[in-house]
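So that you can map any letter, position 71 of the sequence shown is 71 in the numbering used here, and since no number is skipped, the others follow by simple counting.
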Amino acid sequence: MASIFPEPKFIPLDFTRLSSEEQRERSRSFYELMQRRRTVRDFSDEPVAFELIERAIQTAGAAPSGANMQPWRFVVVGDAEVKRRIREAAEAEERASYGRRMPERWLRRLAPLGTDWHKPFLEIAPYLIVVFRIDYLIDEQTGETEPTYYASESVGIAVGLLLVALHTAGLATLTHTPSPMRFLSEILKRPKNEKPFVLIPVGYPADDARVPDIERKPLDEIMQVV
């Protein structure tokens, strides 16, 4: 019985087999690079080459996704007035969260990080990358909708690649998720099928930047071999 779906098309895989020595060296150097990645809240306003932002987003767009639907949108904000409006709205939500929404145990977890509702980095960092999750597609002619599949998982993987690409390019980042984030859709005039996923300030760290003195879990706590 003939399929009602078009035949899939395949191309040869572009894959280079590495020597064991090169595998280990790449693995080691990449691990060391990622160990130096830190969340930064003290940014410089020094300009960043836009090419670095574009290339990082291209890298994020190489992430795997459910049914290859690529349900992500990356909105880059560099305009000072738009950044000001985003900061104002984010601080309003964060003030409410720190003041009454967050339970005590959540605030206790945040205490070692030294965070509060003030978010000056939203204006200081040269760029904000606002990542949106596309929950469904809309046919421009008929208006019919089609859901995307595993959208949150897909966008989460893409954001991981984005952070790695930016760090590899020598830039600092912060993953910021003020809750709720509806104001981002309004300020950035996004369509109703796109939902804010994360807000990422990007730039160089300030000369006097400081980060919390915290530790990452050791391998034996995060890996189990069966």
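Note that the Cβ used here is the ideal one computed from N, Cα and C, for glycine as well.
When the options are compared against residue i, the one with the closest alpha-carbon
i: P212; options: R55, R37, F15; result: R37
i: D45; options: S29, R190, L122; result: L122
i: F74; options: G99, S19, G61; result: G61
i: L162; options: L199, A96, Y98; result: L199
i: T168; options: L188, K195, R190, V202; result: V202
i: P178; options: L113, R87, S20; result: R87
i: G99; options: D220, K217, H118, T39; result: H118
i: I129; options: T175, A209, K195; result: T175
i: L166; options: V226, P218, K195, T59; result: T59
i: A53; options: A63, G78, Q35, L33; result: At residue 53 the sequence reads Ile, which differs from the Ala that was named. Cα-wise, what sits closest to I53 is G78.
i: R84; options: R109, P120, E93, W72; result: P120
i: E215; options: T39, L18, I4; result: T39
i: G160; options: A206, L13, L107, I57; result: I57
i: G156; options: P147, V82, F197; result: F197
i: R55; options: T115, P205, V76; result: V76
i: E186; options: P8, T142, V82; result: V82
Own chain, CB closer than 7 Å to residue i, minus 5 neighbours either side, in chain order
i: I138; result: T145, N193
i: A67; result: Y149
i: L113; result: P212
i: R210; result: D42
Reduced DSSP category for residue i - H, G, I as helix; E, B as strand; rest coil
i: A206; result: coil
i: T145; result: strand
i: K195; result: strand
i: A125; result: coil
i: H118; result: coil
i: L174; result: coil
i: T16; result: coil
i: V155; result: helix
i: P103; result: coil
i: P201; result: strand
i: F30; result: helix
i: Y98; result: helix
i: F5; result: coil
i: F183; result: helix
i: F43; result: strand
i: D220; result: helix
i: F10; result: coil
Residues near residue i in its chain [Cβ-Cβ closer than 6 Å; skip 5 each side]
i: S65; result: S154
i: P147; result: Y136
i: R95; result: W117
i: E93; result: P178
Residue i: CB within 6 Å of a non-hydrogen atom of the ligand MN
i: G61; result: The model depicted lacks the ligand MN and carries no ligand whatsoever.
Integer Cβ distance of residue i from residue j, believed to fall under 8 Å
i: P172; j: F43; result: Looking at the sequence itself, residue 172 is Ala, so the reference to Pro does not match. Right, their Cβ atoms sit about 7 Å apart.
i: I124; j: A151; result: With 8 Å as the limit, I124 and A151 do not qualify as a contact, their Cβ atoms being about 31 Å apart.
i: A158; j: A90; result: Actually they do not touch by this definition, with Cβ atoms about 22 Å apart.
i: R182; j: F132; result: Wrong, their Cβ atoms sit about 12 Å apart, outside the cutoff.
Cβ shell of residue i (< 8 Å), same chain only, five flanking positions each side left out
i: P47; result: P126
i: L33; result: H167, T168
DSSP beta-bridge partners of residue i
i: V75; result: V130
i: L228; result: No statement about residue 228 is possible, as the shown extent of the chain runs from 1 to 226 and does not include it.
i: T59; result: Answer is none; T59 lacks a bridge partner.
i: T168; result: None, per the DSSP bridge assignment.
Minimum Cβ-Cβ distance from residue i to chain B less than 7 Å
i: G66; result: The question asks about chain B, but that chain is absent: this structure has only one protein chain.
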